[in-house]
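Structure first, then comments.
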C-alpha cells in the first residue's frame, strides 16, 4: 500500500454499485491527568474523527467539517483492508490487508504513518485470515485474532517475535483490550464473550449472549463500561467493569446492528437491512437522536472498532525496562505485573530468559531424511526414534525453523533448488533458474534470507523468502582466475566470506571478506595451512575452518578457529579426515566426511570428537542441517524500526547500522529506495546479455542446455541455431552442451557437468615440463615451432613426443605411468613449446 492524502467525498452519496466493508475507528482527544496511579479525565471537550475502510482504502470522516479524506490507499486496488487499529499518541496505523490471486488469499500486516510508506510487520510468520487486531499502546505489542487456526496471538511490533496465547477458540472474530487491568476480551460464535489476561492466563467465559447471534463487542475505558449486542435486534447492553451493574441502550431503529463502537457519550454503529447498510451515531446515554453518517444501497455487514485517546489512557509500563529476552506482556493492574513469553521453539528457563529447546538434526542419507533430536543424538539415546521421510537425494540442506521448511539442492545431472515442508513432506521446486553450480546454502534466521554461492557465475545469491525477491551479488575479487569454493555468512555483522582457489591450484587458497554490496572489504592474511571448508560462529564472528596442514613427508587435517579481528588462529580438532560440510551451532562444531555414515562433532578445543550415527543410517551422509539455531538479536537494530527506511530488503550490520538491498532489475536511488533499473545493460565482450535487461552471463554458458539467464533467453532456439559449435579456445564436453576453455581439460578439477573433462587423463613428465594428454583434446601450434607432414590429429604429435622421451615414474589418479608409447603415422618435428601447469 501507498499512503496518500487527498480530499474526497467518499462516504456521502456513495454509488449504489459499490460493495463496501467498513472497519470503523474513532479519534477522540481529551485532557488526561494521572494522580495516585489512576487516570482521571479533567476535560470532556473533544472533537471526533471517524476512520473507516472502503475496500483498498482507509478514509477519515470529520464530524466538525462534515468532510472525509483518504489516509491510506492501495493504488493497484489488488488488496482489501480487512482490519486496522491505531496508535493514537504516535499517529500510526496498523493495517491488515488481504490480497487474492487465482483463488489464493495472502494476508499482510503493516504499520504506516499518515503520509508515509507502510512497513510490513511479522513477515517472519505466516498468518492466514487475520480477522481483527488490537494494539497495546502501553507495551507496543499487537494482538491478533487468527481465524485459520482459531487462535489469539501476541507479537512485538519492534522485533520478529510472536507467540500463541489462546488456542482452540470457536470462531473468535473480535478483540478488545483493557490495558489498565491487564485484561483482554474476545467474541466467539453463539454469542459467547470470553475474558483472559493479556499474557494468556486465566481464560474464562465473561458473558453469554444470544446463541443465534455473533456477539459484537466494545469497551469504553473512560466510563469503565463493556458493551455488547443484546438479545433483541435494537438493544445494546453494557456492564460496568468494576461491578455487576447492567443496563441497556435502545437504538431508535428496527434494523439489525452488526457492529458497534463507543466513545464516552457517543455510540457508533452500523446496521443492515435487506437492501441498505447505514453508518450512524447517537449519544450513548439515551440514544434518542440518530444521525446518519452515510449509507449504501447494498446490504453489507460492517465491522467497527474504536481507538481514541480516551480509550488509550496511560499507566506505568511494567515492561519499560525490557526485563524479558523476547516478549513482555501486561499481566495485571499493578505497576510490576508483567509476564515474559517465548516464541515458538523457545521455552522459559528463568523468569525473564527464553532459550531454544526444540532442536533437531536433519540428516540426508540417500533418499531418506532423518530428523533426530539433538540431545538424544549427542547422548546416543537409542530409545528415542528418529522421524523419517522420503525425499530426493540432496547435496545441500538448510532449515527455516519459523516456517518448518527445508531448502535443499538435489543431486543429479541437472540439480534443482527445492523446498520441503517438514510437517507433511511436500516437495516443491523453489527456484527454476540455474542451480547446478550451487556450492553452499546458508539460511539467515534474523533477516529470513537464503544465501547460496553460484561458483560458475562468481555470484552470491540472496533470496528474501518473505518478499520473494532475489538479489545477485557479483563478486569483484581482487584476483583473476579464481574458483569460489565455499561461503560463510555473518548474520549479525552484514558480511560474508568466500573461500577461493587460485588459478586452479589446490594448494593456493585465500579467504576474502565482502560487504552485502559485493564490494571486497579485505583479504584475510595468508595462513600456514590450506583452508578447505569455512563456517561462522555467529556469537563471536570468528571463522571456523577445516584445513590441510602439510609437513615434509605427510599431510594431516585439523579444524581451526580464526579470529578475524586479531588474526589469531587456534586448533579446535586435530587429525580429522577431509571435511565436505562444516557447521557451527552454538558452542559446537559439526562436520561430514566422505564415504562415512553419520557425522562428527566437538564441543570444546581439542576435546573428544563425537561420532553421531544411527544403525539405520545405512549409507554415507550427504548433508546435514540443525534446527533451533538462535542468533542473538542486534541491539538497536535499525531494520526493526520501519524496515530501517528501506523500501525492500533491510539487513542489519553491527558495524554499519544497516544495508538496503534491491532485487534484480532494480537499483538503489537514494540509499533507501529501490527503483526500476532504467540503464542500458552493458556486458563485456566475452559475456552474453540476457533479454531481461539486468543479467550478463559468460559467453560459453550460452546454449549449454541450462537456463543461466532467469528468463531462459540464453537457450532460445533463435539464439542457439549454431549450437554445437565452440569458440576456437574452448572445447565441448562429452555429454552436455557446455563449452569450456581448453586449459581446463585434465587440470584435476571437473568443470563439465558430466566430468568428461577429467576422463582418460594421463600425465607424463618430460624433463621439468609437464604435458597433459587426454582422449579428446586440441593442440595449438606455431608453424615456426612445429612442422607436421601429412594430415595428423593433435594426439599424434603428442604421441610422437612421448615416444621420443624416457618418462619418469609418476602416479596420477592411481595410474602408474612408467613408459607410454603411442605409434601413429610418421611425422617430422621441429621445435615444440611445452605446456606448463
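In this note's numbering, the protein residues as written are 443 to 1279.
We put the beta carbon where it would ideally sit given N, CA and C, even for glycine.
Short Cβ contact (8 Å threshold) for residue i with residue j
| i | j | result |
| --- | --- | --- |
| residue 804 | residue 841 | yes |
| residue 838 | residue 850 | yes |
| residue 572 | residue 614 | no |
| residue 1089 | residue 1116 | yes |
| residue 984 | residue 1033 | no |
| residue 621 | residue 772 | yes |
| residue 1024 | residue 976 | yes |
| residue 629 | residue 666 | no |
| residue 1028 | residue 1012 | no |
| residue 639 | residue 625 | yes |
| residue 404 | residue 944 | Given that the chain is displayed from residue 443 to residue 1279, the structure contains no residue 404 and the question cannot be resolved. |
| residue 927 | residue 942 | yes |
| residue 884 | residue 833 | no |
Where residue i falls: helix, strand or coil (DSSP)
| i | result |
| --- | --- |
| residue 708 | strand |
| residue 1134 | coil |
| residue 496 | strand |
| residue 894 | strand |
| residue 918 | coil |
| residue 818 | helix |
| residue 1143 | helix |
| residue 1200 | helix |
| residue 1099 | strand |
| residue 1156 | helix |
| residue 1052 | strand |
| residue 869 | strand |
Between the CA atoms of residue j and residue i - distance to the nearest angstrom
| i | j | result |
| --- | --- | --- |
| residue 650 | residue 835 | 56 Å |
| residue 469 | residue 937 | Below a pLDDT of 50, predicted positions are generally treated as unreliable, and residue 469, at 39, falls in that range; no measurement from the model is reported. |
| residue 1202 | residue 1190 | 12 Å |
| residue 1047 | residue 881 | 28 Å |
| residue 487 | residue 723 | For residue 487, the predicted structure reports a pLDDT of 31, less than 50, and the residue's modelled location is therefore unreliable. A value from the coordinates is still provided. Roughly 18 Å between the two C-alpha positions. |
| residue 929 | residue 588 | 39 Å |
| residue 1030 | residue 781 | 32 Å |
| residue 924 | residue 898 | 11 Å |
| residue 1196 | residue 538 | 51 Å |
| residue 972 | residue 769 | 45 Å |
| residue 720 | residue 746 | 12 Å |
| residue 1169 | residue 1126 | 16 Å |
| residue 1349 | residue 991 | Residue 1349 is absent from the structure shown; the chain starts at 443 and stops at 1279. |
| residue 477 | residue 501 | Residue confidence is low: residue 477 scores 39 on pLDDT, short of 50, so the model does not pin down where it sits. Its coordinate-derived value is still stated next. For residue 477 and residue 501, the distance between alpha carbons rounds to 36 Å. |
| residue 981 | residue 593 | 34 Å |
| residue 872 | residue 661 | 47 Å |
| residue 600 | residue 732 | 42 Å |
| residue 986 | residue 864 | 29 Å |
| residue 1172 | residue 1157 | 19 Å |
| residue 1129 | residue 551 | 43 Å |
| residue 1056 | residue 766 | 39 Å |
| residue 577 | residue 1085 | 19 Å |
| residue 708 | residue 497 | 26 Å |
| residue 569 | residue 785 | 15 Å |
| residue 889 | residue 939 | 18 Å |
| residue 1281 | residue 903 | Residue coverage of the chain in this structure runs from 443 to 1279, which leaves residue 1281 outside it and unanswerable. |
Reference residue i; option with closest CA among the options
| i | options | result |
| --- | --- | --- |
| residue 540 | 723, 533 and 526 | 526 |
| residue 1123 | 494, 821, 1108 and 1113 | 1108 |
| residue 918 | 891, 957, 887 and 931 | 957 |
| residue 891 | 667, 869, 1169 and 844 | 844 |
| residue 847 | 858, 870 and 889 | 870 |
| residue 1110 | 857, 1092 and 1125 | 1092 |
| residue 1065 | 1102, 1080, 1042 and 750 | 1042 |
| residue 807 | 1184, 1114, 1060 and 693 | 1060 |
| residue 757 | 750, 1003 and 778 | 778 |
| residue 912 | 1104, 887, 953 and 1017 | 1104 |
| residue 536 | 1094, 583, 934 and 517 | 583 |
| residue 1134 | 602, 916, 1150 and 1143 | 1150 |
| residue 612 | 631, 606 and 896 | 631 |
| residue 1044 | 1038, 1016, 515 and 544 | 1016 |
| residue 959 | 1019, 1148 and 1113 | 1113 |
| residue 1008 | 939, 995 and 966 | 966 |
Beta-carbon separation (whole angstroms), residue i vs residue j, contact threshold 8 Å
| i | j | result |
| --- | --- | --- |
| residue 715 | residue 701 | Their Cβ separation, rounded to whole angstroms, is 15 Å, which puts residue 715 and residue 701 out of contact at 8 Å. |
| residue 1040 | residue 1054 | 5 Å |
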